[in-house]
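First up is the structure itself, then whatever we jot down about it.
In structure tokens:
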């Protein structure tokens, strides 16, 4: 098939042109538009796109010659069916590319790369550097600003360079996304041999290459190479003053001891790999039987069943799970470090399967892209054959249905999926660097120090050789020696002195190193202070790097799950002015699904009485009751929790621990989450309304809501939003829960909450409340002030705070917004950003319904541990997404921040942050200078005192700040 070269110019985000790149495509392949942001070709194959129309840009090169003019790309709408047909045409007109890079390069389909970024410094860096060369006699503040400007310019240059490299990587990902592979379901005869074995290897050596690789690694040490050189010199007859075995035997002993240690450690890795690769999993055979096979025997296309708490054996596509809604949860902390569970969805056309054994009879094809390192990058199309005469069922799949190797199944009884990537094609293996021989800091210093010693040794050898030659001249003049060979004497004398001085570097040095490291590693693994419950003790994988632990200077720690236990406990609610603290929770028994009618009514009365008691005997008004009801509804509706009945009890399965704690807190108030599906949520409300119309006594307040749209929580948005329709009265409600700053920015109550103004506008929930508008506004303002006081108090105690907002959405407003959302979902460029922007528009003008407080307990002895690290010269810092007040309290409780320290707030614009950083550097440098002067005045002599007096001049803080 004839291939053509397509050349396209890429642009940076700032408008500058990148170098011209060219890539080889086959004539029938598709190319994205050069003006669009690089997107994977199969990114258009999401399930939403198949149900609605989409836009795809198709660019074809129709030139007959290389120098002919290029034709403009044609943009046309493309439906989901056309997209599937284009993929079929693409796979039918081109052969499926081989999976190895060597085969791709032989086939000419490997994209050309340009990995030569321009490393020249920008003009502003050069100019700032020139200015910084004459800062001796300048004002210290001006010098420090110049110092900060230099680093700011360099950071800007590094950012631009990083953007360019990311642009090149995205182009490579785009090229790789055009490479497709076919996997046949339940057809081992067609899949076996085309994909690598499903083995995971962490060892460095094999039985065949151990001797050669280990010797190469050992002679990479300069000292061992010098010892080998001395041994070779001693083989020359008449040169060595010692027996050759005096050097050869120690060298052999050094190599043998090091080889035995490395071999033993690698043997342990082989055993661990063998255990991992032989874990038994249930494989569904084509005849419908379930057979246990080791993970190393799994092949792409096999249907595998994974049970709860089991590791995922390979990258697999979820076909069905124990949840009838097709939802399962996985723990990906070993892949991305996130402790929250990830929700995965089963393929729509197979998720209704109840028995995993029935999946073994499925036949079909999975067409997907060649694997890449991006954990969230996966696009493909699965086609299930419906029989001999029936049309196949097709569905687009993405990363939301892909389980990655290294993750663990949680909160699901079982999951059945088809193996997609195995062995070295899994994303875990692609993101794992190959095992390398690593030098510790001491060995690196030795490798740089030994050549210096060798140079000194050669210099002394040359001097002694010259002295011996002069001595031989005196003996020759006396006639004691009649025959002499000058060349022979010079060479042999030089080599003899070289051997004599070879003991400058002791041969026992590395033997002592290896022995001490082995013993030290054994003590470290048996240290009881390093033991963690349910996780075991410390594990030493490479003892040659033990001393590197002593070179650690900075530790950047996450808060949740590291400094804290990630054991969330609900501490209280503030809802509609009601303050419900942790002490009140302890008085209310946890609600259970099996409560009788009488028991339920008694529980409702206890909660109502407790609410009245917690608020000084004040009865709930109509406005407060509406806010309370909507607040508790928001807690149960705006989350990802699914209640599952297990052993006669309701078990909450959630991605986040704080969501579970909040729902459990609502449960103690009598509000239960009964059922959650993709399209509906059923809750049980705890107590009747003031009017008595909102809740039916026959159903005990069972309320059903239709889920219209939902946008999950993300670290960028810092909130979760859901739109629901109340099936009892048909009202459309919007609820949002998240960080206080984000919710306040979208609320109409932000000014009242911050005490900058009074309530002067109608809140969305006030339309349903009858009464004098002025009185209602005053009452609402009082409620908001009580919520604000609760939030401030809980933040000062170091608790995690979430604000809850909501409003009613009119039918005409929802209809107009839904069209806007559909348009955003069909967008091919920046689809996620468009969807978030659409949600941000409907989230405006929310009312603050209340606040939640969750406590995350600190780890045991965390304060003593941090103090111990500080005494060792290690700086510990904390990174968290919580609000500033909460972070400061946690830092104070952990001992990271004390009263003796001075805090610098770097929030705000870049300019403000740099100015504050400048002040921090000046302060730190001046304090270090004062400490140095005090030390020299106490311990130094007249010279130190004189030097201290001379240094009292402007510009002193600059030098200290720069060094700091």
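In my numbering, the protein residues as written are 593 to 1556.
Where is the CB? At the ideal position from N, CA and C, for every residue including glycine.
Since the model is a prediction, treat every value here as computed from it, not as a measurement.
#1: Helix, strand or coil for residue 1557, going by three-state DSSP, please let me know.
#2: Going by CA-CA distance only, name the one from 799, 850, 828 that's closest to residue 812.
#3: Under the three-state reduction of DSSP, which class applies to residue 829: helix, strand or coil?
#4: Taking the alpha carbon of residue 999 as the point to measure from, which residue in 1026, 904, 1505 has its own alpha carbon closest?
#5: In terms of residues, what are the limits of the alpha helix (DSSP H) holding residue 1263?
#6: Return helix, strand or coil for residue 842, following the three-state DSSP convention.
#7: With burial defined as no fewer than 16 other Cβ atoms inside 10 Å of the residue's Cβ, what is the status of residue 773: buried or exposed?
#8: If I follow the unbroken alpha helix (DSSP H) through residue 1406, where does it start and stop?
#9: Tell me whether the beta-carbon of residue 1306 lies closer than 8 Å to the beta-carbon of residue 1438.
#10: Starting from the C-beta of residue 1390, find all residues in its chain whose C-beta is less than 7 Å away, skip the five residues before and the five after it, and write them out in chain order.
#11: Note down the Cα distance separating residue 1132 from residue 1093, rounded to an integer number of angstroms.
#12: Which full runs of the alpha helix (DSSP H) of 4+ residues lie inside the region 1432–1485, going along the chain?
#13: From residue 1217 to residue 1258, what distance separates their C-alpha atoms?
#14: DSSP on residue 794, reduced to helix/strand/coil?
#15: Which residue or residues does DSSP assign as beta-bridge partners of residue 886?
#16: Between which two residues does the alpha helix (DSSP H) carrying residue 1312 extend?
#17: In this structure, does DSSP put residue 970 in helix, strand or coil?
#18: Take residue 1331 and list the residues in its own chain whose beta-carbon comes closer than 6 Å to its own, dropping the five residues that flank it on each side.
#19: Looking at C-alpha atoms only, which residue of 964, 970, 1007, 930 is the closest neighbour of residue 951?
#20: Give a yes or no on whether the C-beta atoms belonging to residue 1333 and residue 1455 are separated by under 8 Å.
#21: Considering only C-alpha positions, which residue in the set 965, 931, 1406, 986 is nearest to residue 957?
#22: Could you spell out where the alpha helix (DSSP H) holding residue 1110 opens and where it closes?
#23: Hey, how far is the Cα of residue 865 from the Cα of residue 1130?
#24: Kindly identify the DSSP beta-bridge partner or partners of residue 1006.
#25: Thinking residue 972 and residue 960 are a contact (beta carbons under 8 Å), I'd like their distance in whole angstroms, please.
#26: To the nearest angstrom, how far is it from the Cα of residue 871 to the Cα of residue 884?
#27: Taking its Cβ as the centre, do 16 or more other Cβ atoms sit within 10 Å of residue 544, making it buried, or is it exposed?
#28: In three-state terms, what does DSSP make of residue 1019?
#29: Would you check whether the ligand ADP has a heavy atom nearer than 7 Å to the C-beta of residue 1019?
#30: How would you write the range of the alpha helix (DSSP H) that residue 782 sits in, first residue to last?
#31: For residue 1377 and residue 1435, I'd like the C-alpha separation in whole angstroms.
#32: Relative to the C-alpha of residue 1159, which residue among 1082, 840, 783, 1452 is closest?
#33: Just curious, the beta strand (DSSP E) that residue 1302 is in, first and last residue?
#34: In angstroms with no decimal places, state the Cα-to-Cα distance between residue 1497 and residue 1505.
#35: With a cut-off of 8 Å on the beta carbons, I'd call residue 1316 and residue 1303 a contact; round off their distance for me.
#36: Taking DSSP as the reference, what is the three-state secondary structure of residue 877?
Based on what the coordinates show:
#1: Look at the range of the chain in this structure, 593 to 1556, and you will see that residue 1557 is not part of it.
#2: As a first step, residue 812 must be located in the chain shown, where it is residue number 220. Of the candidates 799, 850, 828, the one whose C-alpha sits nearest the C-alpha of residue 812 is 850.
#3: Locating residue 829 in the chain shown gives position 237, where the first residue counts as 1. Here residue 829 sits in coil by DSSP.
#4: Locating residue 999 in the chain shown gives position 407, where the first residue counts as 1. Residue 999 has its Cα closest to that of 904, out of 1026, 904, 1505.
#5: As a first step, residue 1263 must be located in the chain shown, where it is residue number 671. In the DSSP assignment, residue 1263 falls outside any alpha helix (DSSP H) and carries neither an H nor an E.
#6: Mapped onto the chain shown, residue 842 falls at position 250. Residue 842 sits in a helix when the DSSP states are folded into three classes.
#7: Start at 1 with the first residue of the chain shown, and residue 773 comes out as number 181. The residue in question, residue 773, is buried, as its Cβ has 16 or more Cβ neighbours within 10 Å.
#8: Numbered from 1 along the chain shown, position 814 holds the residue referred to as residue 1406. Where residue 1406 is concerned, the enclosing alpha helix (DSSP H) stretches over 1403–1417.
#9: As a position in the chain shown, residue 1306 is number 714, starting the count at 1. As a position in the chain shown, residue 1438 is number 846, starting the count at 1. At least 8 Å separates the beta-carbon of residue 1306 from that of residue 1438.
#10: Residue numbering aside, residue 1390 sits at position 798 when the chain shown is read from its first letter. If you ignore the 5 residues before and after residue 1390, its C-beta comes within less than 7 Å of the C-beta of 1478, 1481, 1482, 1485, all in its own chain and listed in chain order.
#11: Residue 1132 sits at position 540 when you count from the first residue of the chain shown. Residue 1093 sits at position 501 when you count from the first residue of the chain shown. Computed Cα separation, rounded: 38 Å.
#12: For the alpha helix (DSSP H) assignment, the uninterrupted runs of no fewer than 4 residues enclosed by the region 1432–1485 are, from N- to C-terminal side, 1454–1463.
#13: For the purposes of this step, residue 1217 is taken as residue 625 along the chain shown, with counting starting at 1. For the purposes of this step, residue 1258 is taken as residue 666 along the chain shown, with counting starting at 1. One C-alpha to the other measures close to 16 Å.
#14: Locating residue 794 in the chain shown gives position 202, counting from the first residue. Three-state result, residue 794: coil.
#15: For the purposes of this step, residue 886 is identified with residue 294 of the chain shown, where counting begins at 1. Partner(s): 872.
#16: In the chain shown, counting from the first residue as 1, residue 1312 sits at position 720. Not the alpha helix (DSSP H): residue 1312 falls in the beta strand (DSSP E), residues 1311–1318.
#17: The residue you call residue 970 lines up with position 378 of the chain shown. Coil at residue 970, not helix or strand.
#18: In the chain shown, counting from the first residue as 1, residue 1331 sits at position 739. For residue 1331, same chain residues with a beta-carbon under 6 Å away, outside a window of 5 residues either side, are 1310 in chain order.
#19: Looking up residue 951 in the chain shown gives position 359. If we check each option's Cα against that of residue 951, 1007 comes out closest.
#20: Taking the chain shown and counting its residues from 1, one reaches residue 1333 at position 741. Taking the chain shown and counting its residues from 1, one reaches residue 1455 at position 863. No, Cβ-Cβ distance for residue 1333 and residue 1455 is not below 8 Å.
#21: Locating residue 957 in the chain shown gives position 365, counting from the first residue. Checking every option, the nearest Cα to that of residue 957 belongs to 986.
#22: For the purposes of this step, residue 1110 is taken as the residue at position 518 of the chain shown. Here the alpha helix (DSSP H) through residue 1110 covers 1101–1117.
#23: Working through the chain shown from its first residue, we reach residue 865 at position 273. Working through the chain shown from its first residue, we reach residue 1130 at position 538. Taking the Cα positions, residue 865 is about 19 Å away from residue 1130.
#24: If you number the chain shown from 1, residue 1006 lands on position 414. Beta-bridge analysis with DSSP links residue 1006 to 899.
#25: Within the chain shown, numbered from 1, the residue matching residue 972 stands at position 380. Within the chain shown, numbered from 1, the residue matching residue 960 stands at position 368. Taking C-beta atoms under 8 Å as the contact rule, residue 972 and residue 960 qualify, at a distance of about 3 Å.
#26: Numbered from 1 along the chain shown, position 279 holds the residue referred to as residue 871. Numbered from 1 along the chain shown, position 292 holds the residue referred to as residue 884. One C-alpha to the other measures close to 10 Å.
#27: Given a span of 593 to 1556 for the chain in the structure shown, any question on residue 544 remains unanswerable.
#28: As a position in the chain shown, residue 1019 is number 427, starting the count at 1. In this structure, residue 1019 counts as helix in the three-state DSSP scheme.
#29: What this structure holds is no ligand at all, so the ligand ADP is not there to describe.
#30: Translated into the one-based positions of the chain shown, residue 782 becomes position 190. That run of the alpha helix (DSSP H) goes 780–783.
#31: Translated into positions along the chain shown, residue 1377 becomes position 785. Translated into positions along the chain shown, residue 1435 becomes position 843. Separation of residue 1377 and residue 1435 (C-alpha to C-alpha, rounded to the nearest whole angstrom) is 22 Å.
#32: By 1-based counting over the chain shown, the position of residue 1159 is 567. Closest option to residue 1159, judged by alpha-carbon separation, among 1082, 840, 783, 1452: 1452.
#33: As a first step, residue 1302 is located in the chain shown; it is residue number 710 there, counting from the start. Where residue 1302 is concerned, the enclosing beta strand (DSSP E) stretches over 1294–1303.
#34: Residue 1497 sits at position 905 when you count from the first residue of the chain shown. Residue 1505 sits at position 913 when you count from the first residue of the chain shown. Straight across, the Cα-Cα distance linking residue 1497 with residue 1505 is about 8 Å.
#35: Position 724 of the chain shown, counted from the first residue, corresponds to residue 1316. Position 711 of the chain shown, counted from the first residue, corresponds to residue 1303. The Cβ separation is near 13 Å, so there is no contact.
#36: As a working mapping, residue 877 is identified with position 285 in the chain shown. The three-state reading of DSSP puts residue 877 in coil, since its state is none of H, G, I, E or B.
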